[in-house]
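Visitor: Just dropping this structure here.
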Amino acid sequence: MYGASDPAAADRTAFRRAEKQYKLYKPPNLKGRSRSRSRSKPDGVEGGCGDLSAVVDFHALLAADGELPAGIGRSNCAGFDHPVFCFLDRPGFYFIPGALSTEEQCYWIRESLKTFPQPPNRTNLTAIYGSISDLFVAAKNRKILVEVENSDVQEKEQNNGDGKTESKYSKFVEDSEIQKGEGCRSTRATTLMRKLRWSTLGLQFDWSKRNYDVSLPHKRIPDALANLAKNMAIPAMPFGEEFKPEAAIVNYYGPSDMLGGHVDDMEADWTKPIVSISLGCKCIFLLGGKTRDEVPTAMFLRSGDIVLMAGEARERFHGVPRIFTESDQQEISALVSQLSGEDDCFILDYIKNSRINIFTGVRCICRVPWFVKWHLE
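See the structure below:
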């Protein structure tokens with residue numbers, strides 16, 4: 005899984021040390037005092053991310069429009085209208101800063117929250133609650149998901165989307181509709197939205213078998229997303245070929261969530277890129293080497309940025325140790341302005357403290373499920 009089997013050995017790797025350097029450290033509290041003491045901060049770091057001087061900022065390089073730092077270059081691609089940066093010693097990795105306009109970012113944020121978690125797409129909530137329709141609408145309207153244990157299985161049997169049935173019945177209701185003493189479990193839709201960690205589009209991935217299950221109900225990736233990925237993948241594609249994504253994973257990061265170091269190596273053809281779209285709060289992205297012993301390069305990923313990884317870059321460890329939320333609202337000021345309408349209030353409240361990553365590829369998947377480890381202990 006993640007890291008070495010010996011936690012002490014894992015802490016000695018360069019990648020692990022970088023994760024701990026940049027992660028968010030929460031202040032001690034009464035309830036978690038003993039745990040907080042065990043999670044000591046790296047020297048000189050107050051609250052995590054104390055020293056950001058080594059973090060590459062491609063937006064600053066773009067604005068400076070001067071000589072690039074050593075090891076960083078520009079990739080020239082005929083017919084591609086966006087600036088593309090690369091690392092000279094890490095072929096196959098491409099960074100496209102500000103690839104999406106503010107309007108485009110808002111569109112994909114809305115789709116990620118409203119449409120992408122809809123059945124038959126599976127989410128991390130599916131295994132627990134079964135198929136949940138219209139979660140976003142229910143959360144926006146402050147509804148509650150009621151789970152009633154089924155006494156009449158034949159009458160109320162539900163299909164959870166993978167051919168299995170569950171002896172429970174779930175629906176969204178208003179507060180006033182919940183009858184006390186009925187012995188039902190209930191969860192607020194807003195809570196479920198915050199528990200949402202991933203959604204799969206196109207071919208559905210079976211996390212237990214770690215492969216795609218073509219028998220699961222699914223829809224094609226939306227044409228708009230497929231076209232966006234195809235157009236943005238041009239710098240990383242072999243000449244004359246088009247990128248045709250078959251699957252996508254949408255990751256949802258909360259304020260203290262992270263994605264531990266991993267390698268995306270489940271595909272047979274690494275010449276085809278992964279197209280990774282960032283939305284919402286800024287994060288730190290680590291790009292390492294083919295082992296965890298190589299010191300990773302840290303860079304900022306902002307809303308609207310797109311990263312491509314193909315070929316040799318697919319063999320490199322990478323992860324997200326930190327996202328920036330309340331203290332860095334100026335980073336998403338354009339989104340805040342664009343989402344100021346009454347219909348977008350719930351979306352704005354969500355995105356102020358969250359990051360969304362849309363990850364597309366040809367049956368794209370990483371070795372380890374995205375949701376296995378969201379926090380470094």
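Residue numbers (the numbering used here): 5 to 381. By construction, the Cβ of each residue, glycine as well, lies at the ideal position given by its N, Cα and C atoms.
With Thr301 and Val60 assumed to form a contact (beta carbons below 8 Å), what rounded beta-carbon distance in angstroms separates them?
Guide: Correct: roughly 6 Å between the Cβ atoms.
Visitor: Using the three-state DSSP reduction, which class does Gly265 fall into: helix, strand or coil?
Guide: In the structure shown, Gly265 sits in a strand (DSSP, three-state: E or B).
Visitor: By the 10 Å Cβ neighbour count, where 16 or more other Cβ atoms means buried, how is Asp55 classified, buried or exposed?
Guide: Classification for Asp55: exposed.
Visitor: Put Pro325 into one of helix, strand or coil per three-state DSSP.
Guide: Strand, per DSSP.
Visitor: Which one of Pro121, Asp348, Asp309, Arg94 has the shortest CA to CA distance from Leu205?
Guide: Ranking Pro121, Asp348, Asp309, Arg94 by Cα distance to Leu205 puts Pro121 first.
Visitor: Are the Cβ atoms of Cys287 and Phe328 separated by less than 8 Å?
Guide: In contact: Cys287 and Phe328 (Cβ atoms closer than 8 Å).
Visitor: With a Cβ-Cβ cutoff of 8 Å, do Ile100 and Ile310 count as a contact?
Guide: Cβ atoms of Ile100 and Ile310: closer than 8 Å.
Visitor: Could you check what DSSP says for Met303 in three-state terms: helix, strand or coil?
Guide: In the structure shown, Met303 sits in a strand (DSSP, three-state: E or B).
Visitor: Between which two residues does the alpha helix (DSSP H) containing Ala67 stretch?
Guide: 62-68 is the span of the alpha helix (DSSP H), which, as asked, contains Ala67.
Visitor: Comparing alpha-carbon positions, which option in Met241, Pro123, Trp112, Leu220 lies nearest Asn80?
Guide: Ranking Met241, Pro123, Trp112, Leu220 by Cα distance to Asn80 puts Met241 first.
Visitor: Between which two residues does the beta strand (DSSP E) carrying Cys188 extend?
Guide: Per DSSP, Cys188 belongs to no beta strand (DSSP E) and is neither H nor E.
Visitor: Which one of Leu290, Ile351, Val340 has the shortest CA to CA distance from Ala317?
Guide: It is Leu290 whose Cα lies nearest to the Cα of Ala317.
Visitor: I'd like the span of the beta strand (DSSP E) that includes Ser280, first residue to last.
Guide: First-last of the beta strand (DSSP E) with Ser280: 278-284.
Visitor: Quickly, what does DSSP pair Val311 with across the bridge? List them, please.
Guide: DSSP output for Val311 lists Phe99, Ser280 as bridge partner(s).
Visitor: On a Cα-Cα basis, can you pick out the residue from Arg201, Ser135, Glu108, Arg146 that is closest to Pro259?
Guide: Looking at the Cα atoms, Arg201 is the closest of the given residues.
Visitor: Please report the Cβ distance between Gly265 and Gly323, rounded to the nearest whole angstrom; I am assuming they are in contact, meaning their Cβ atoms lie under 8 Å.
Guide: Correct: roughly 4 Å between the Cβ atoms.
Visitor: Give every residue of the same chain whose Cβ lies closer than 6 Å to the Cβ of Asp297, excluding the five residues on either side of it in the sequence, and list them in chain order.
Guide: Once the five neighbours on either side are set aside, the close Cβ partners of Asp297 are Thr17, Ala18.
Visitor: Distance check for Val279 and Asp268, CA to CA, integer angstroms please.
Guide: In a straight line, the C-alpha of Asp268 is about 12 Å away from that of Val279.
Visitor: Spatial neighbours of Ile136 within its chain, please: CB distance less than 8 Å, with the 5 preceding and 5 following residues excluded, ordered by chain position.
Guide: Around Ile136: Pro121, Pro123, Thr127, Leu129, Thr130, Leu149, Ser174, Leu196.
Visitor: Please name the residue in Arg146, Ala252, Leu65 whose C-alpha comes closest to that of Lys223.
Guide: Out of Arg146, Ala252, Leu65, Ala252 has the C-alpha closest to the C-alpha of Lys223.
Visitor: Considering just the uninterrupted stretch of the beta strand (DSSP E) at Arg21, what are its terminal residues?
Guide: Arg21 -> not in any beta strand (DSSP E); alpha helix (DSSP H) instead, spanning 18-26.
Visitor: Compute the Euclidean distance between the alpha carbons of Gly292 and Thr275, then round it to the nearest angstrom.
Guide: Cα to Cα, Gly292 sits roughly 19 Å from Thr275.
Visitor: For the alpha helix (DSSP H) containing Phe350, list its first residue and its last residue.
Guide: That run of the alpha helix (DSSP H) goes 349-355.
Visitor: What's the gap between the Cα of Ala233 and the Cα of Asn361?
Guide: Going from the Cα of Ala233 to the Cα of Asn361 covers about 13 Å.
Visitor: Could you give the C-beta distance for Tyr354 and Leu139, rounded to a whole number, given that I count them as a contact under 8 Å?
Guide: So it is not a contact: roughly 12 Å between Cβ atoms.
Visitor: Output yes or no for whether 8 Å exceeds the beta carbon distance between Phe84 and Pro239.
Guide: Yes, the Cβ-Cβ distance between Phe84 and Pro239 is below 8 Å.
Visitor: To the nearest angstrom, how far is the alpha carbon of Phe382 from that of Arg114?
Guide: There is simply no residue 382 to check, as the chain begins at 5 and stops at 381 in what is shown.
Visitor: Could you tell me which residues DSSP pairs with Ser174 in its beta bridges?
Guide: Note: Ser174 sits in a beta bridge opposite Glu151.
Visitor: What are the start and end residues of the alpha helix (DSSP H) that includes Ser337?
Guide: Ser337 -> alpha helix (DSSP H) spans 337-342.
Visitor: Count the other CB atoms, across all protein chains shown, that sit within 10 Å of the CB of Gly244; report buried if there are 16 or more and exposed otherwise.
Guide: It counts as exposed.
Visitor: What separation, rounded to the nearest whole angstrom, lies between the Cα atoms of Asp47 and Gln25?
Guide: Any reading at Asp47 is ruled out, since the residue's pLDDT is 45, under 50, leaving its predicted position unreliable.
Visitor: Where in the segment 212-256 do unbroken runs of the alpha helix (DSSP H), each at least 4 residues long, occur, reported from the N-terminal end onward?
Guide: Qualifying alpha helix (DSSP H) stretches, in chain order: 227-236.
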